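Presented below is the structure to which this report refers.
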Amino acid sequence: MIPELGPARSAGYLKRLAIAAVCFAVAAVAILAPFGHLGIAVFGSLGLGLGLLNMVLIHRSAARFASSADPLRKRKGAVQVFGRLAVITVLGVTIAVLVRPDGVAVFGGLVLFQFFVIVTTLVPIFKEMRRAGAQT
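Here it is as structure tokens:
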């Protein structure tokens, strides 16, 4: 059984993601700036920030969705998801096109953030599975 993600756990989850993103952004700037690749580090960090913004908006939207009794909530939720992803995609593509070649690092930051999301989601699941397996 997988534990539910309540408001307290959700805040902790977002905090861990934010800490990971900030630590990686600082490390990227510290490592890449001396080699003359500050633009890549900055735009990669911007991609991490966009990913974090998306995750915060997802959690807010999910909380509203769960507490709503509106019969059209599924349709409204789908429109919100599409709109949020469209805005982030347009921002990423715009940055990548306007600030070539370093702007492409925005996509690297978004990909890296998704990796953080997967890891921070899987670790508690594996812990719970190990604990449940030890009880049987």
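The numbering used here puts the first residue of the sequence shown at 352, with every later residue one more than the last. A virtual CB, placed ideally from N, CA and C, is assigned to each residue, including glycine. Bear in mind that the values here come from a model prediction, so they are computed numbers and not experimental data.
Within 8 Å, strictly: CB atoms of residue i and residue j
| i | j | result |
| --- | --- | --- |
| Gln431 | Ser419 | no |
| Phe458 | Gly434 | no |
| Val455 | Met406 | no |
Spatial neighbours of residue i in its chain, beta-carbon cut-off 6 Å, leaving aside the 5 residues before and after
| i | result |
| --- | --- |
| Met352 | Residue confidence for Met352 is low, a pLDDT of 42 falling below 50, so the modelled location carries little weight and cannot support an answer. |
| Ser361 | His410 |
| Pro385 | none |
Minimum C-alpha distance to residue i - residue among the options
| i | options | result |
| --- | --- | --- |
| Leu365 | Phe477, Thr471, Pro385, Gly398 | Thr471 |
| Val380 | Pro422, Arg367, Leu368, Leu399 | Leu399 |
| Ile439 | His388, Arg367, Ala485, Leu401 | Leu401 |
| Leu436 | Ile409, Leu473, Glu479 | Ile409 |
| Gly363 | Lys425, Pro475, Gly387 | Pro475 |
Sequence-distant residues of its chain with Cβ nearer than 7 Å to residue i (five each side left out)
| i | result |
| --- | --- |
| Gly428 | Ser412, Phe416 |
| Leu403 | Leu368, Ala369, Ala372, Phe464 |
Residues near residue i in its chain [Cβ-Cβ closer than 8 Å; skip 5 each side]
| i | result |
| --- | --- |
| Leu383 | Leu389, Ile391, Ala392 |
| Asp421 | Lys427 |
| Gln486 | none |
| Gly484 | none |
Would you say the stretch 457 to 477 touches the stretch 371 to 383, given that touching needs at least three Cβ pairs under 8 Å? Three or more pairs of CB atoms, one per stretch, sit closer than 8 Å, so the stretch 457 to 477 contacts the stretch 371 to 383.
**Cβ contact check for the stretch 391 to 410 and the stretch 448 to 456: 3 or more pairs under 8 Å** = Between the stretch 391 to 410 and the stretch 448 to 456 there are three or more inter-stretch CB-CB distances shorter than 8 Å, so the stretches are counted as touching.
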